[in-house]
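> Just so we're on the same page, the working numbering is the position in the sequence shown counted from 1, plus 178.
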Amino acid sequence: MPSSESNPTKKLSKIDRNILRILQRDGRISYTDLSREVGLSVTPCIERVKRLERSGYIQGYTAKLNPELLNAGLVVFVQIRLNHTSQENFEEFHRSVMDLEDVQSCYLVSGNYDYLLKARVADMTAYRELLGSRILKLPAVQESTSYVVMEELKETMQIAIPQS
Numbered sequence: 179m180p181s182s183e184s185n186p187t188k189k190l191s192k193i194d195r196n197i198l199r200i201l202q203r204d205g206r207i208s209y210t211d212l213s214r215e216v217g218l219s220v221t222p223c224i225e226r227v228k229r230l231e232r233s234g235y236i237q238g239y240t241a242k243l244n245p246e247l248l249n250a251g252l253v254v255f256v257q258i259r260l261n262h263t264s265q266e267n268f269e270e271f272h273r274s275v276m277d278l279e280d281v282q283s284c285y286l287v288s289g290n291y292d293y294l295l296k297a298r299v300a301d302m303t304a305y306r307e308l309l310g311s312r313i314l315k316l317p318a319v320q321e322s323t324s325y326v327v328m329e330e331l332k333e334t335m336q337i338a339i340p341q342s
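1) Verify whether the separation of the beta carbon atoms of residue 324 and residue 256 is less than 8 Å.
2) Within this structure, are the beta carbons of residue 193 and residue 212 separated by less than 8 Å?
3) Taking its Cβ as the centre, do 16 or more other Cβ atoms sit within 10 Å of residue 337, making it buried, or is it exposed?
4) For residue 287, report the span of its beta strand (DSSP E) as first-last.
5) Would you call the CB atoms of residue 305 and residue 252 closer than 8 Å?
6) Apart from the five residues on each side of it in sequence, which residues of its chain come closer than 7 Å, Cβ to Cβ, to residue 215?
7) Output yes or no for whether 8 Å exceeds the beta carbon distance between residue 316 and residue 275.
8) In the DSSP assignment, find the alpha helix (DSSP H) that holds residue 253 and state where it starts and stops.
9) Decide if residue 319 is buried, meaning its Cβ has at least 16 other Cβ atoms within 10 Å, or exposed.
10) Would you mind giving the Cβ-Cβ distance between residue 258 and residue 292, rounded to the nearest angstrom? I have them listed as a contact below 8 Å.
11) Look at the alpha carbon of residue 229 and the alpha carbon of residue 266, and state the distance between them as a whole number of angstroms.
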């Protein structure tokens, strides 16, 4: 059984976990409504939220935007293999991929490829442009494989928070 030191959620009270669940669902909820939902008065509720922010459980707040209305309706996952997996190539790739605004996520992965990217663009023409003139020109890129999303079944940023 993991200790509370290796499992930070063990340090959270039931009320703290409930606050996190509610804020994930609605980051704009008023402190009055939040305190009512968790069964606290407003001041202790605010103090708990501030403590959760200071301790790093809450890293920020954001708005979920409609990608279709913002001309970014096509999602593409791209596997990238580098020509040589050296620390220098990794660092150079890391720096360069940060400049690609259409790339929403980039993960260093194990397996046959080195990276998995998630890109969001307007359409296939925009993706071909991104791939040909930006992604394939990143440092040390040897090969890529693309997966175009035909239908998005589920996408969430919410993290499952254990009850206890």
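Using N, Cα and C, we set each Cβ at its ideal position, and we do this for glycine too. This structure is a prediction, so every number in the text was calculated from the model and none was measured.
So, from the listed chains and residues:
1) yes
2) no
3) exposed
4) No beta strand (DSSP E) holds residue 287; DSSP gives it neither H nor E.
5) Going by C-beta atoms, residue 305 is nearer than 8 Å to residue 252.
6) 200
7) yes
8) No alpha helix (DSSP H) holds residue 253; the beta strand (DSSP E) holding it covers 252-260.
9) Result: buried.
10) 6 Å
11) 39 Å
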